[in-house]
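*Asks:*
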Ligand code: GBH
């Protein structure tokens with residue numbers, strides 16, 4: 171297996187190399203040119219919601235610095251830039267109809283796309299990465315079915331503006347986060363603590379996804395249409411213990427299959443309903459599903475985007491040194507899973523990032539293989555890894571340079587894991603590092619750095635890290651180089 175070797179590994183011709191960001195995390199300019207609050211602007215102002223009280227007002231100031239950032243991407247030999255559009259910039263009041271469009275907001279994305287194309291970089295557009303207009307939340311946000319129709323209208327506004335130059339459209343980024351973490355756990359904006367709202371939000375986001383795929387397909391039949399989901403790989407502590415197996419099944423059901431099954435198989439997982447009923451949520455999901463919804467949600471797509479950060483080993487038993495990978499915020503929160511009470515994550519002793527997320531590249535091989543076999547392969551849907559990366563507390567030297575061998579090793583190991591999946595016949599066509607830049611890490615604020623390029627948030631100075639130089643070479647060569655001596659050591663002992 172490649173992941174056990176230190177050899178150079180070559181990727182297939184045409185494999186797409188990119189880096190990803192999201193509007194709220196990098197743009198800043200939160201009041202410029204008619205933009206108004208998104209739910210993340212209002213949430214960030216709630217005391218205790220975000221570490222350090224950090225806001226997205228300035229972030230990486232990419233709104234004003236996009237030309238320099240595109241030049242940076244070019245210098246890193248990137249084929250593609252995955253970015254998202256801020257709904258709150260485009261339809262700030264969440265008002266319906268043509269009068270609700272803020273043309274200056276639309277124009278920004280048009281300029282960004284032109285700049286990318288002028289540099290031969292493919293624009294990979296995500297329509298929703300969590301920052302819906304605060305005005306939409308006033309009518310219930312995604313818990314209200316109307317949001318699916320409003321999302322479609324906003325998507326068509328952007329499609330009309332960009333379809334002459336944009337051919338890749340991702341409807342949603344990680345609806346698990348923007349429903350379960352956002353309306354259920356209270357960890358993300360809008361910070362609600364309601365499992366019924368979380369289930370409704372998840373369903374309405376998938377409905378919005380399906381409606382947008384249908385509309386875009388009519389208008390641009392050749393476009394690459396898809397969605398990006400976040401996945402975990404939940405393993406039972408003891409695979410021969412039925413309780414542990416049940417714990418892993420619930421996490422898999424309520425993070426992974428709750429989305430993949432409706433989207434690709436046209437039905438919710440059957441085991442979800444009895445679990446919800448047992449948790450006192452019987453009939454809740456059923457009540458928001460209308461006739462025809464699942465047909466819309468399962469409209470054929472071209473690409474499934476896979477975001478993978480870590481796996482977990484679970485049980486109902488308590489083990490010493492349990493892992494908590496959530497942001498330590500001063501705010502009341504609850505578990506993101508509506509029906510997994512008592513399930514605990516065990517620290518199995520793998521190396522961890524500085525967010526306490528375990529480093530488990532082999533999980534990515536298994537995940538991609540499973541998705542290909544059970545979902546995407548039979549339907550001719552391509553897999554792209556649309557996010558993968560890690561936060562480490564970087565220590566710049568006197569010149570500001572970050573020699574992040576830990577992050578570099580993380581990328582090396584995960585790319586080798588993808589090569590293993592490719593060798594097993596899995597149709598993976600590209601990879602996006604998360605992230606191009608250090609940025610606003612949601613409830614963690616600016617305290618956690620994911621960039622392959624460092625950002626000094628005082629001066630907005632960008633400095634390519636060792637991992638960035640390395641990744642630029644990978645993109646250029648379409649190959650991961652052989653590991654040199656010491657690099658094999660840090661995160662490689664799995
Ligand atoms: C992605 O989400 C986002 O798309 C991106 O914007 C973000 O910056 C990046 O990753 C890094 O965080 O249950 O709270 O203990 C991350 C997806 C899924 C990772 C849930 C953490 C469990 C942590 N997350 N997972 S928690």
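Numbering (the numbering used here), first residue to last: 171 to 664. Note that beta-carbon positions come from the ideal geometry of N, C-alpha and C, so glycine has one too.
(1) In angstroms, rounded to a whole number, what distance separates the CA positions of residue 479 and residue 289?
(2) Take residue 394 as the anchor and find which of 447, 336, 415 has the nearest alpha-carbon.
(3) State yes or no: is the C-beta of residue 598 within less than 8 angstroms of the C-beta of residue 537?
(4) By DSSP, does residue 178 sit in helix, in strand, or in coil?
(5) Between which residues of its own chain and residue 501 is the CB-CB distance below 6 angstroms, once the five residues before and five after are set aside?
(6) Is residue 262 closer than 8 angstroms to residue 303 when the C-beta atoms are compared?
(7) Could you give the distance in angstroms between the alpha-carbon of residue 181 and the alpha-carbon of residue 600?
(8) CA-CA distance, residue 621 and residue 632?
(9) Sort 292, 325, 324, 367 by Cα distance to residue 184 and report the nearest one.
(10) On the CB-based measure, 16 or more other CB atoms within 10 Å of its CB, does residue 569 come out buried or exposed?
(11) Please classify residue 618: is it buried, with 16 or more other beta-carbons within 10 angstroms of its beta-carbon, or exposed?
(12) For the ligand GBH, is there any heavy atom lying closer than 7 angstroms to the beta carbon of residue 460?
(13) Please give me, in chain order, every unbroken run of the beta strand (DSSP E) with length at least 3 that falls completely inside the segment 582-632.
(14) By DSSP, does residue 562 sit in helix, in strand, or in coil?
(15) Assuming residue 474 and residue 546 make a contact with CB atoms under 8 angstroms, what is their CB distance in whole Å?
(16) Secondary structure at residue 187, three-state DSSP: helix, strand or coil?
(17) In chain order, which continuous runs of the beta strand (DSSP E) of length 3 or greater are located wholly inside the segment 428-497?
(18) Ends of the alpha helix (DSSP H) at residue 640?
(19) Tell me, please, which residues DSSP counts as bridged to residue 522.
*Replies:* Walking through what the data contain:
(1) 30 angstroms
(2) 336
(3) no
(4) Coil at residue 178, not helix or strand.
(5) Excluding five sequence positions before and after residue 501, the CB atoms of its chain that fall closer than 6 angstroms to its own CB belong to 218, 219, given in chain order.
(6) In this structure, residue 262 lies closer than 8 angstroms to residue 303 by Cβ.
(7) 10 angstroms
(8) 10 angstroms
(9) When the alpha-carbon of residue 184 is set against those of 292, 325, 324, 367, the nearest one is in 292.
(10) exposed
(11) buried
(12) no
(13) 598-604, 623-625
(14) coil
(15) 5 angstroms
(16) strand
(17) Listed in chain order, they are 473-478, 482-485.
(18) 636-647
(19) 528
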